[in-house]
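The numbering of the sequence shown is the working numbering, which starts it at 82 and goes up by one.
We put the beta carbon where it would ideally sit given N, CA and C, even for glycine.
Below: the structure, in structure tokens.
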Amino acid sequence: MNEFSFSVPQNITVGKGSLAKLPEIAKKSVGSHAFLMSGPHLEKMGLVEKAANSLKSAGIAVDTFTDIEGNPSVETVDKATAAFKEAGADFIVAFGGGSPMDVAKAVGVTAKYGGSITEYEGAHKVPGPIIPLIAIPTTAGTGSEVTAFSVITDHSRDYKLTVFSYEILPAYAILDAELLTTAPASVAAACGIDAFIHAEEAYISTAASPFSDAMAEKAMSLIGKNIRRFVANRGDIEAAESMLVGSLFAGIAFSFARLGNVHAMSHPVSAFFDVPHGVANAVLLPVIAEYNALADHGRYLTIYNDISPVPAYAEEFEPMMLVDAIHELCGEIGIPANLTEAINNASKTGPVSAEEIENKIEAMAVDAMKSGNIAVNPRSSRQCDIEMLYRKAL
């Protein structure tokens, strides 16, 4: 057993309609002037205004920033930091999926300590507590409300940098399943499978511990048994809440056990081709599950039984059954069949040629090898292995 320690210092509220508790939490705990960060989609839907009005009705001043893209950039962090300082706010509300939360964490650092977020890249470079932060997820996917990571795209390098520090954990999280009900099926699928992969990679990580295992096992059970139902009907509150809590537990699991080759390889795919993070993870998962099967020591059976509608028993189970079950699940919820399809779906300039993709593989593999997640993948990997996996995923 690995030596391990853990602390979960956050205050987390879960429940249908719990967004209504935002003013109470803000007034009691963090400040009097909110900087509400979200994305343009939630603004168009009126949800940003709803959250802002709930704060204003309690006498809390609010400024909003909604110019946050998918795979948010260093430039966006700079713009948001300047806007925060100009507003004179004293706390941040991150409202949305992983992108607003990543930017909110980054702004919490740069607004307090100065400089560019690139200066904090790596582990434990944040010198102390950040601007107080309340996180309200509107997708069941990232678990960012309970993770010590902020992932930001540096376009100057075509690279996704990671800031890792327990100082950037949001002080409070509010999980209201009603906020998930308007998500398109494609978003529900991509975010949901991303959350499942967080748990799956944490579960098979060489850094796993009994604590992370407990979180990962419950996360895989909640997500695996509800993802089809949730994608089919986002208005199913029971399924939505199971997905949201599963994503939360998965986030806690990988905060302590890290991830693996799937996430190490998906970040370059998003940085080079702007493929949504959850989609990149999903198309890589079956290929890497097959690669890691050689290192399985009984955990694939547990994972299989969480996602397959037909249970299996130890005496009949083979690791490749999990690979087949992953393909089946991804196909049912509308994930692209392979990496080539995912890249072309994401392209804003027309079809991407096989040659163009091939020309990026070595650079993507170099970036993937920089990830600390490679080191805890259950099967050791060299750069040539990563290049092979990319080509197989195509």
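Asked: 9 Å Cβ cutoff met for Gly179 and Thr223; Found: yes
Asked: Burial state of His205, where buried means 16 or more other Cβ atoms lie within 10 Å; Found: exposed
Asked: Rounded straight-line distance, which links the Cα of Gly195 to that of Asp377; Found: 45 Å
Asked: Same chain, Cβ closer than 6 Å to Asn454, five either side skipped, listed in chain order; Found: Arg339, Leu340, Gly341, His344 and Ala345
Asked: Member of Gly431, Lys166 and Val111 whose CA lies at the smallest distance from the CA of Leu136; Found: Val111
Asked: Identity of the residue in Val232, Lys160, Ala115 and Glu156 nearest Phe176 by Cα; Found: Ala115
Asked: First and last residue of the uninterrupted alpha helix (DSSP H) at His378; Found: Segment: none, His378 is in no alpha helix (DSSP H) and carries neither H nor E.
Asked: Which of helix, strand or coil DSSP assigns to Pro218; Found: strand
Asked: Close beta carbons around Lys241, own chain, < 6 Å, minus the five adjacent residues each side; Found: Val232, Thr234, His348 and Ala352
Asked: Within 9 Å, strictly: CB atoms of Val155 and Thr145; Found: no
Asked: Cutoff 6 Å; reference Ser336; Cβ partners in own chain excluding five residues on either side; Found: Thr228 and Ala229
Asked: Cutoff 7 Å; reference Asp355; Cβ partners in own chain excluding five residues on either side; Found: Asn152 and Ala427
Asked: Nonlocal neighbours in the same chain, by C-beta distance under 6 Å from Ile308, ignoring five residues either side; Found: Gly273
Asked: Ala264 (DSSP reduced to helix, strand or coil); Found: coil
Asked: Nearest to Asn92 (by Cα), restricted to the options Lys102, Ala252 and Glu167; Found: Ala252
Asked: Rounded C-alpha distance that separates Gly379 from Lys125; Found: 47 Å
Asked: Under 9 Å between C-beta atoms of Gly305 and Phe277; Found: yes
Asked: Own chain residues within Cβ distance below 8 Å of Val207, not counting five before or after; Found: Val190, Tyr194, Tyr201, Val244, Ser246, Glu248 and Ile249
Asked: Reduced DSSP category for His114 - H, G, I as helix; E, B as strand; rest coil; Found: strand
Asked: Boundaries of the alpha helix (DSSP H) in which Tyr394 is found, first to last residue; Found: Segment: none, Tyr394 is in no alpha helix (DSSP H) and carries neither H nor E.
Asked: Burial state of His236, where buried means 16 or more other Cβ atoms lie within 10 Å; Found: exposed
Asked: Pair within 9 Å by beta-carbon distance, Ser302 and Gly327; Found: yes
Asked: Nearest residue (CA-CA) to Leu123, options Ala264, Ile467, Phe172 and Pro390; Found: Ala264
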